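Residues 530 to 726 (my numbering) are what the sequence shown spells out, left to right.
Ideal Cβ placement from N, Cα and C applies to all residues, glycine included.
All values derive from a computational prediction rather than experimental measurement.
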Amino acid sequence: MEKKISDPSIFLLLGFGFGLAVLGVQQLMPAKPELIGAATYATLVAAMAEFLGGLWAFARRDTYLGAIGSTFGAWLIGYYLLLTDGVASQIYHPQSAGLYCFALIVPVVLLAIPAFRLRLAAFSGVFVFLVLLLFFLGMAGVVTTGSEWWARLGGISSLITAALLWYSALGAITGLVGEMTAPANSPDSGPRAGSGE
Numbered sequence: 530m531e532k533k534i535s536d537p538s539i540f541l542l543l544g545f546g547f548g549l550a551v552l553g554v555q556q557l558m559p560a561k562p563e564l565i566g567a568a569t570y571a572t573l574v575a576a577m578a579e580f581l582g583g584l585w586a587f588a589r590r591d592t593y594l595g596a597i598g599s600t601f602g603a604w605l606i607g608y609y610l611l612l613t614d615g616v617a618s619q620i621y622h623p624q625s626a627g628l629y630c631f632a633l634i635v636p637v638v639l640l641a642i643p644a645f646r647l648r649l650a651a652f653s654g655v656f657v658f659l660v661l662l663l664f665f666l667g668m669a670g671v672v673t674t675g676s677e678w679w680a681r682l683g684g685i686s687s688l689i690t691a692a693l694l695w696y697s698a699l700g701a702i703t704g705l706v707g708e709m710t711a712p713a714n715s716p717d718s719g720p721r722a723g724s725g726e
């Protein structure tokens, strides 16, 4: 039971889903600049959840979850700094944000390989929509016309990814609750639905 209570996957999934949900809403409403602050700080929350959760997973010898969390966490920290310090330093440009998004596509594809090989449906879906999100947001930064449409497509992909992450978190949470309420020495120690384990 102690191992399950210390499972970082719930923290990772909920935090990343939160950040993507807020980003998705903001990208779907580009005419509302009032939402930019929420999306920026949600990016910071997601970055902390991913990076700390990734380190936590590494400490538990879960290399795959650790690699996912720390990779996305480090990238999100950089993205947050690009959106805040980059703007303040006047080095931010939409094309730099586009390049930053495009550059993460290859690592995401590589991290997706185990999810597809293990037939983890929810995680596979997360990776597909993350690639689409990065592509759409990258295009929104580099094109000279039609960037709003690319951003909106990114917003849709972001919301779908958040929903899949929360679905996976629900599987991990219900599995944890089931194990916490199971009698001692119960044979119920299989993987949790949607948790990626």
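Residue i in three-state terms, based on DSSP
i, result
"Leu-640", "helix"
"Gly-684", "helix"
"Gly-582", "helix"
"Ile-565", "helix"
"Gln-619", "coil"
"Arg-646", "helix"
"Ser-535", "coil"
"Leu-542", "helix"
Close beta carbons around residue i, own chain, < 6 Å, minus the five adjacent residues each side
i, result
"Leu-663", "Cys-630, Leu-633, Ile-634"
"Leu-612", "Thr-569"
"Ala-575", "Gly-544, Phe-545, Gly-548, Leu-605"
Same chain only: Cβ atoms within 8 Å of residue i, ignoring 5 sequence neighbours per side
i, result
"Phe-665", "Trp-679, Ala-680, Leu-682, Gly-683, Ser-686"
Cβ of residue i within 8 Å of any chain B Cβ
i, result
"Leu-543", "In summary, chain B is missing from the structure at hand, where a single protein chain is found."
Proximal residues to residue i (C-beta, below 7 Å), its chain only, five neighbours per side dropped
i, result
"Tyr-608", "Thr-572, Tyr-629"
"Ile-689", "Phe-658"
Anticipated Cβ contact below 8 Å, residue i with residue j, distance rounded
i, j, result
"Gly-627", "Met-668", "7 Å"
"Ala-603", "Phe-580", "6 Å"
"Ser-538", "Leu-594", "6 Å"
Distance CB(residue i)-CB(residue j) smaller than 8 Å
i, j, result
"Ala-691", "Ala-567", "no"
"Ala-578", "Phe-540", "yes"
*At least 3 beta-carbon pairs within less than 8 Å: the region 670–677 vs the region 634–647*: no
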